[in-house]
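Number of protein chains: 2
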Amino acid sequence: MEMTPRKEKILAAVVESFIRTGEPVGSKTLMGELDFRVSSATIRNEMADLVEMGYLEQPHTSAGRVPSTLGYRYYIDKLMNKLEVNKNESESIEKSVASGRGDPEQLLEKAGEVIARLTNCAAITTLPTGEQACVRRAEFVPVSNRTAMVVLLTSAGTLKSKACRGDMPITQQTVERFYAVCAAHFIGKPLEEIGTVMLQTLVASLGEYALEMSPYFVALADLASEALKSDVLLEGQSNLFNHRELSGSVVDIMELLRKGEPLTKLIASGDKDGLNVKIGTENEYKQLSNSSVIISRYDVNGSRSGALGIIGPTRLNYAKLIPYMQFISGVVGKILSETLED
Amino acid sequence: MEMTPRKEKILAAVVESFIRTGEPVGSKTLMGELDFRVSSATIRNEMADLVEMGYLEQPHTSAGRVPSTLGYRYYIDKLMNKLEVNKNESESIEKSVASGRGDPEQLLEKAGEVIARLTNCAAITTLPTGEQACVRRAEFVPVSNRTAMVVLLTSAGTLKSKACRGDMPITQQTVERFYAVCAAHFIGKPLEEIGTVMLQTLVASLGEYALEMSPYFVALADLASEALKSDVLLEGQSNLFNHRELSGSVVDIMELLRKGEPLTKLIASGDKDGLNVKIGTENEYKQLSNSSVIISRYDVNGSRSGALGIIGPTRLNYAKLIPYMQFISGVVGKILSETLED
DNA sequence: GTTAGCACTCAAAGCTAACGAGTGCTAAAC
DNA sequence: GTTTAGCACTCGTTAGCTTTGAGTGCTAAC
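Taken in order, these protein sequences are the chains called A and B. Here the working numbering = 1-based position in the first sequence + 39. Here the working numbering = 1-based position in the second sequence + 39.
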């Protein structure tokens, strides 16, 4: 069976009606929503075909139709008319987001808040990562006799620190040795190259100072690998409770989001033209099989980038939210470009 | 009507049975749980008295009794036998917590995890704060032509940083002026003294460099006030969903916990001997009127301290959990003392 | 190919009856 | 005076039943 223009119109109407109301859509309801006049019986025939083709589903025999994952996919890829963000909204969004200008973390937190409020979904955002960030600076700050803060600053502007307790008292020499080794082995080095292998050769080369110094360099390497991971922020988690269709899975979703790793994976997932929409079972994680994820990348002067995303029910207003997300990621990219480069 | 030993025994039995089962406790059930033999009718009479005295409540006429806030309070203060933490548990707890040794944040995250798992509640923990922390070090790291990372390290070992965009290009002079002003006005100064007043006089004294330099000092002052707030960590929020009696209020509680301020307030609430238990309506926040909060302070060499807490239903196993919390805060205090002082 | 008509399906809502855990009260026993 | 057995009563819970109505698939006529 092949797709016809009329079937497309009916499919689009079902999707849009279901997105609006959340109720399965019946043939009579649909009559009033189509721009051509046919009887409900005709619509029923067409809908039966669409079910057979896999675009619609029936919760039970005597209920209306609901879009399947495939149906949503077809709608988004071929049928949907994107709603442009109107002037008023775009200005107010831009103003809200811009209030976080200055500090990237604050900016993305703000952006997350705006997205969460606007979409009534959970928002995930990543801080910008530089592709080939390297170590810019390392600091060693004793805080007690045996404990020091080790601080790492990358060329991408990421700062990480950690308290670290050594096995021997810290002396002036400890500090000097730290900076000397850093200058030789860490400063200017790409973060990717700082791994266990590099660390082992380094420790070996420390000779008699290995015992004294190695804890700090281990910590430094930890910081480097932390800095490589793009930090992910989460906002508006509790919005998920507002969607009845998620009621069973909210806890599972939250549990999934709590762990950093899946989040990172989610938001990094391959995208074309900076946009990525995953519907229901298209998602890698089964906890999200009733959810949709919209991810939009932002670019900072071409060199660095991150992403903004939302997680919500499959019944998202894609036509409205996709342009929103693209607009907001544009704003974030623009502001970050201003902040970070000159 | 006054309390009698028999009434106390009955009250304790009701509380314990209710904590165990979550079901209202009837007179017949209670017969089997008392260490003396009386008929159910007698127990009914006593329970009626306890209701009148405000220690018990009746969900409805034909249901058993449930402890009131007052009942729990009486039980905890006068009747409860604390269960000591047994050797096996204490060792395994200590081992788990100690795995976060080294970095305070990591330690308290770990402690929070352990608590959450052990108690099936949400765990809140604060990082240790020094009473009179002062500025130990400030750093200025340009990341682009007009943006710099401003970094603040306190004597308590807290490190805060922020990207900050100035109005003029950053030059070598900018950096030198920054460090000069810091040395004169920030280093060694108690965090409390860095407020808007101090900032205004400082900016005024900058003269012709005010425009160029002030953004960075504003950022530095921001960092100082951030460093003053004790950081609060939250673990195991989703455990709250495991308690049926909280079902209605979990979202409200989570919304409350999301904001930092209430958390800080909660965990800072006045305590005697380091322990603080708030039952149901004793809590300041109405979102917690069905919940209990147990807070236990930890001390680090007397000089700094923080707290560990749990939030759960009022039906907590106080006799077990209070000693747990005290034990864990002891462990945390000990480990932190080792890490931070010498 | 389209439509009116009709019998059929099935979840949801409402209704009633039975159940049973638990109570308060009374009067007798201790 | 306290304790207890006995009993009528309360009330939330559960199960089973019917009703309702939105929606369907099929058929036969247009």
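All residues carry an ideal CB built from backbone N, CA and C; glycine is no exception. All figures in this text were calculated on a predicted structure; none of them were measured in a lab.
Could you check where the beta strand (DSSP E) with residue i kicks off and where it finishes?
i	result
G351 of chain B	343-352
A307 of chain B	Looking at the DSSP string, A307 of chain B is not in any beta strand (DSSP E); the run it does join, the alpha helix (DSSP H), is 299-307.
V316 of chain B	314-318
L272 of chain B	271-274
Starting from residue i, follow its DSSP beta bridges and name the residues at the other end.
i	result
D338 of chain A	A:S344
F179 of chain A	A:V189
I333 of chain B	B:V316, B:I349
C203 of chain B	B:A187
C173 of chain B	B:P229
V105 of chain A	A:E96
Do residue j and residue i count as a contact pair if the criterion is CB distance below 8 Å?
i	j	result
C160 of chain A	G313 of chain A	no
S335 of chain B	M364 of chain B	yes
A20 of chain B	S194 of chain B	Within the shown structure, residues of chain B are numbered from 40 to 381, placing residue 20 of chain B beyond reach of any answer.
L262 of chain A	L191 of chain A	yes
V90 of chain A	F57 of chain A	no
E96 of chain B	R45 of chain B	no
S328 of chain B	T320 of chain B	yes
A346 of chain A	L259 of chain A	no
V54 of chain A	Y114 of chain A	yes
D230 of chain A	G151 of chain A	One point to set straight first is that residue 230 of chain A is Leu, not Asp, in the sequence displayed. No. Outside cutoff.
F179 of chain B	Y248 of chain B	no
L375 of chain A	P167 of chain A	yes
K199 of chain B	E144 of chain B	no
G348 of chain A	I306 of chain A	yes
G103 of chain B	G65 of chain B	yes
Y94 of chain B	L109 of chain B	yes
R140 of chain A	L146 of chain A	yes
M207 of chain A	L157 of chain A	no
I226 of chain B	V153 of chain B	no
Grab the span of the alpha helix (DSSP H) containing residue i for me, first residue to last.
i	result
K228 of chain A	That residue, K228 of chain A, is in no alpha helix (DSSP H); it is neither H nor E in DSSP.
T165 of chain A	Here T165 of chain A belongs to no alpha helix (DSSP H); instead the beta strand (DSSP E) covers 161-165.
K359 of chain A	357-379
A260 of chain A	249-267
Q326 of chain B	Unbroken run through Q326 of chain B: none, as it is neither H nor E.
Y111 of chain B	108-113
V242 of chain A	235-244
D88 of chain B	79-92
L69 of chain A	66-70
N127 of chain B	126-137
By DSSP, does residue i sit in helix, in strand, or in coil?
i	result
P143 of chain B	helix
E41 of chain A	coil
T197 of chain B	coil
L285 of chain B	helix
T168 of chain A	strand
L95 of chain A	strand
I216 of chain A	The amino acid occupying residue 216 of chain A in the given sequence is Arg; Ile does not appear at that position. Residue state, collapsed to three classes: helix.
R76 of chain A	coil
K149 of chain B	helix
T60 of chain A	helix
I154 of chain B	helix
N278 of chain A	helix
E123 of chain B	coil
I209 of chain B	coil
Discussion item. Tell me whether the stretch 286-306 of chain B and the stretch 191-205 of chain B touch, counting them as touching only if at least three CB pairs, one residue from each stretch, are closer than 8 Å.
Written reply: The answer is no - the stretch 191-205 of chain B does not touch the stretch 286-306 of chain B, with fewer than three Cβ pairs under 8 Å.
Worksheet item: Does the stretch 170-189 of chain B touch the stretch 321-340 of chain B, meaning 3 or more C-beta pairs lie closer than 8 Å?
Response: The answer is no - the stretch 170-189 of chain B does not touch the stretch 321-340 of chain B, with fewer than three Cβ pairs under 8 Å.
Item to complete: Would you check if the stretch 106-124 of chain A and the stretch 352-367 of chain A touch, i.e. whether three or more CB-CB distances between them fall below 8 Å?
Response: Judged by Cβ distances under 8 Å, the stretch 352-367 of chain A makes contact with the stretch 106-124 of chain A, as three or more pairs qualify.
Worksheet item: Are the stretch 287-299 of chain B and the stretch 235-244 of chain B in contact at 8 Å, needing three or more beta carbon pairs?
Response: Short answer: they don't touch.
Item to complete: Count the C-beta pairs between the stretch 135-145 of chain A and the stretch 371-378 of chain A that are closer than 8 Å, then say yes if the count reaches three, no if not.
Response: Per the Cβ contact rule, the stretch 135-145 of chain A is in contact with the stretch 371-378 of chain A (3 or more Cβ pairs under 8 Å).
Practice prompt. May I ask you to verify whether the stretch 239-246 of chain B touches the stretch 275-287 of chain B, counting CB pairs closer than 8 Å and requiring at least 3?
Written response: As far as the Cβ criterion goes, the stretch 239-246 of chain B does not touch the stretch 275-287 of chain B, which means the pair count is below three.
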